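Protein chains in written order, with my numbering: chain A, 532 to 874; chain B, 894 to 1054; chain C, 13 to 197. We put the CB at the ideal spot given by N, CA and C, even for glycine. These numbers come from a predicted model, not from an experiment. Data first, discussion second: the structure below is written as structure tokens.
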Amino acid sequence: MRIMVKTDGDLIVEATPDIGYVHRGCEKIAESRNVIKNIPMLERPNIADASHLNWSYIKPIEELQGVEVPERGLYIRTILCEMNRIASHLYGMAIMAGIFSGHTTMYMFGFGDRELLLDLCEMLTGARMTFSFFVPGGVRRDFPRGFKEKLLETLDYLERHLGAIDRILVSNPVFVERARGVGVLKKEDAIRLGVVGPVLRGSGVRCDVRKDAPYGVYDRVDFEVISFVEGDCLSRWLVRFEEIKQSIRILRQLARDVPKGPIAKKSPLVVPGGEAIGRVESSRGEINHYVVGDGGDKPYRVKMSTGSFKNLAALPFLLKGVRIGDMPMVYGSLDYWPVEADR
Amino acid sequence: MTAASSTPEQDIVAAIREQVGNAVQDVKVDRKGRVSVVAPKETMVEVAAWLQRAGLDHAITVSGVDRPRENQLDVVYFLSSYCREDIKGLVVSLKIHLDRENPSLPSLTPIWESANLFERETHEMFGVAFEGHPNLSRLLLQDNWEGPPPLRKDLKIPELA
Amino acid sequence: MAAETESKPETRSTSPAMEASARAWVGSLRDLVERVVGSAPLKYVVNWSRIYSLWPVHLMTACCGAELGAMMSGRYDPERFGMQAAAGAMRQSDLLIIEGTVTKKMLKRVKVVWEQMPNPKYAIAMGDCACSGGLFHDSYSIINEIEKAIPIDVFVPGCPPRPEALLNAVIKLREKIRREEVYPK
Chain A
532 MRIMVKTDGD LIVEATPDIG YVHRGCEKIA ESRNVIKNIP MLERPNIADA
582 SHLNWSYIKP IEELQGVEVP ERGLYIRTIL CEMNRIASHL YGMAIMAGIF
632 SGHTTMYMFG FGDRELLLDL CEMLTGARMT FSFFVPGGVR RDFPRGFKEK
682 LLETLDYLER HLGAIDRILV SNPVFVERAR GVGVLKKEDA IRLGVVGPVL
732 RGSGVRCDVR KDAPYGVYDR VDFEVISFVE GDCLSRWLVR FEEIKQSIRI
782 LRQLARDVPK GPIAKKSPLV VPGGEAIGRV ESSRGEINHY VVGDGGDKPY
832 RVKMSTGSFK NLAALPFLLK GVRIGDMPMV YGSLDYWPVE ADR
Chain B
894 MTAASSTPEQ DIVAAIREQV GNAVQDVKVD RKGRVSVVAP KETMVEVAAW
944 LQRAGLDHAI TVSGVDRPRE NQLDVVYFLS SYCREDIKGL VVSLKIHLDR
994 ENPSLPSLTP IWESANLFER ETHEMFGVAF EGHPNLSRLL LQDNWEGPPP
1044 LRKDLKIPEL A
Chain C
13 MAAETESKPE TRSTSPAMEA SARAWVGSLR DLVERVVGSA PLKYVVNWSR
63 IYSLWPVHLM TACCGAELGA MMSGRYDPER FGMQAAAGAM RQSDLLIIEG
113 TVTKKMLKRV KVVWEQMPNP KYAIAMGDCA CSGGLFHDSY SIINEIEKAI
163 PIDVFVPGCP PRPEALLNAV IKLREKIRRE EVYPK
């Protein structure tokens, strides 16, 4: 995106974001393709977090069709989504907390650890990032042999390596000085602007769709919703860092408790008449897909509403009064993914 | 007669019927976690203000739906709550039917500021005029876009099998 | 009076004949330099230095950027080929990787970046969307054929292409530069 900035010396007086550079017309294209063929296309807006977009699109279609996913399918879906959440947070920390703050070591650490998770995803689904793994009724494949052992091994390594990431980034005095007290978003403003995800939880509002309106098997696992009250850039990054630890905790419980059974139920490839909305908590915030069907095999209307678009309202508000040198830190702490916002 | 314990969805539907029932056209519980309200253009601001006082403090999305066969264009607001524990998991949708030729309605940005960017996008994609919106300039499309608003059914792109 | 001015010679340091011969000498000096630089051993050295320091611009157009980021990281290690993410901007890089879909709004900015890069410069079209439109080919807001705007040297198919495929494309580009089969720019 382009940010047009008016300054008074070193301080920013007004900032106007200009978006739309990656607007590819996903919603219009979705009206002209079969409900299954939309899945790869609707997954591309956030390629680092594709399984959440997939689930949010499939959920309203399953509600309209009246199909219930079997237990094992739900467990596999939740496992893939949590692995994706860790990978996406590592990406965000590598680029936004890393490169944007002049920190190439975090870039290499983040991407290196991410590769292990992408190996696991490739073992399960066949693709590194664009899984297209959830279909109405369940998932496409079962766990391959040796998956659970490799998952637990990767989680053990990640837990140890989080200590290194803590030393070089989260507790690093240079980073803390740059991020503390910068770009403060108070609780009332966060609620008024309607921000979502780690930006919301970093301002003291303890809201997470996984706890408020549980889907998948989130009501059967034990985890905490992390939030900090300061509302500055550092608390937003701490929320993401702690969420990685919570995701590791969820994954251990899921790997232990997966039941046996079928992974999918057959469902017709039509979108029945009616409308439904899906709500899923992705790594950048809440994603909604509003699907209107008319009985044919193509959806009549698909409206995607992603976390980055909702957080965009906070950017001009946060940049007022900030120094030009702090702009990359404030922009980075929102973890804005342009393709997801523009669709 | 002891009343059975009612769900939050039923509570909200009952409260709407009681207090602003003459301002809405239809209100019902769609399914678990979903309440849908249909209001006419003239009374939508009153209904929206009531919903905000009832605890729905932000809009999660705003969408348009183009229906050329009924010569109608619907604008739907989806609302939820961050602060109220009992209705946190609900989504209340407020739908307004508009005339397709000249769709215009009062903007709900003064009530929910989170609807600002969504209304701007709906204006660009569907050609709906929001009266009282602070800034309805171009958001996503290219600068020299000529043609009908893209998400209307007038603009056709080739259909694949 | 007139006779006096006519009898004085013109105060010039060189005569036309001398100038003509100097021009011919400079001309032939330039020819000589071009012939020396264009000779096979020096050309080999120049191309070798270009190959071993291809610095790409940081232009993330769309979703393939995630795989470009993965390629520039430790596991695939492009620094052994001399390719590092240039922290400076376009004026210090010589490779433009167009990854992902180029929308009509973005096209003007891609061209601005391309024109700011100094010669010699090369372009790689990464991903199905840059090659031919890809998944979004029937959209109302994208450019399907980017090679009409910017001369592309190597196309990399894939959605997104694996980091190994992108490294393979960089190796192919290096071969093209070595054999001098790139577009004149």
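For the C-beta of residue 1026 (chain B), not a single chain A residue is nearer than 7 Å; the gap to the nearest is close to 14 Å. Using a Cβ-Cβ cut-off of 8 Å, residue 150 (chain C) counts as an interface residue toward chain A, since at least one Cβ of chain A sits closer than that to its own. Taking C-alpha positions only, residue 950 (chain B) is separated from residue 131 (chain C) by approximately 56 Å.
Residue 553 (chain A) places its beta carbon less than 8 Å from that of residue 869 (chain A). For residue 843 (chain A), the closest Cβ of chain B is nearer than 8 Å. For residue 661 (chain A), at least one C-beta of chain C is nearer than 8 Å to its own C-beta.
Looking at the backbone, the Cα of residue 865 (chain A) and that of residue 555 (chain A) are separated by about 23 Å.
Here the C-alpha atom of residue 128 (chain C) lies approximately 47 Å from the C-alpha atom of residue 960 (chain B).
Judged by DSSP in its simplified three-state form, residue 820 (chain A) adopts strand. Residue 734 (chain A) and residue 65 (chain C) have their C-alpha atoms spaced approximately 45 Å apart.
Pairing residue 146 (chain C) with residue 138 (chain C), the inter-Cα distance amounts to about 11 Å. Positions of the beta strand (DSSP E) runs, each at least 3 residues long and wholly inside the stretch 128-163 of chain C, are given as 134-138 in order along the chain.
For residue 137 (chain C), no chain A residue has a Cβ inside 9 Å of its Cβ, as the nearest lies near 17 Å away. According to DSSP, residue 999 (chain B) shares a beta bridge with B:1024.
By the rule that beta-carbons nearer than 8 Å mark a contact, residue 984 (chain B) touches chain A.
Contact check for residue 811 (chain A) against residue 746 (chain A) passes: the beta carbons are separated by less than 8 Å. For residue 956 (chain B), a Cβ of chain A is located within less than 8 Å of the residue's own Cβ. By the Cβ test, the stretch 783-800 of chain A is not in contact with the stretch 615-627 of chain A, since fewer than three Cβ pairs between them sit closer than 8 Å. At least one beta carbon of chain C lies nearer than 8 Å to the beta carbon of residue 571 (chain A).
In the DSSP secondary-structure assignment, residue 535 (chain A) is bridged to A:547. Residue 1035 (chain B) reaches chain C at 115, 116, 117 and 153, counting residues in chain order whose Cβ is nearer than 8 Å. Interface residue (Cβ-Cβ distance to chain B less than 8 Å): residue 559 (chain A) is classified as such. Residues are counted here when their Cβ sits less than 7 Å from a Cβ of chain A; for the stretch 990-1020 of chain B these are 1006, 1007, 1009 and 1010, given in chain order. With contact defined as three or more Cβ pairs closer than 8 Å, the stretch 607-617 of chain A and the stretch 827-844 of chain A are not in contact. Scanning the stretch 713-799 of chain A for uninterrupted alpha helix (DSSP H) segments of 4 residues or longer gives 718-724, 729-732, 740-743 and 764-788, listed from N- to C-terminal end. Straight through space, the alpha carbons of residue 753 (chain A) and residue 87 (chain C) are spaced by roughly 34 Å. Rounded to the nearest whole angstrom, the CA to CA distance from residue 642 (chain A) to residue 867 (chain A) is 18 Å. Not flagged as an interface residue toward chain C: residue 627 (chain A), since no C-beta distance is shorter than 8 Å.
Counted as a single uninterrupted DSSP element, the alpha helix (DSSP H) harbouring residue 1015 (chain B) occupies residues 1009-1019. DSSP lists C:107 as the bridge partner or partners of residue 68 (chain C). DSSP, read as helix, strand or coil, puts residue 665 (chain A) in strand. Beta bridge pairing from DSSP links residue 991 (chain B) with B:966. In terms of Cβ geometry, residue 834 (chain A) and residue 593 (chain A) do not form a close pair [threshold 8 Å].
Its chain contains 659 as the residues whose beta carbon lies nearer than 6 Å to that of residue 649 (chain A), once the 5 sequence neighbours on both sides are disregarded; these appear in chain order.
Put simply, the CB of residue 598 (chain A) is far from chain B, with every gap to its CB atoms at 8 Å or more. Secondary-structure assignment with DSSP links residue 695 (chain A) through no beta bridge to anything.
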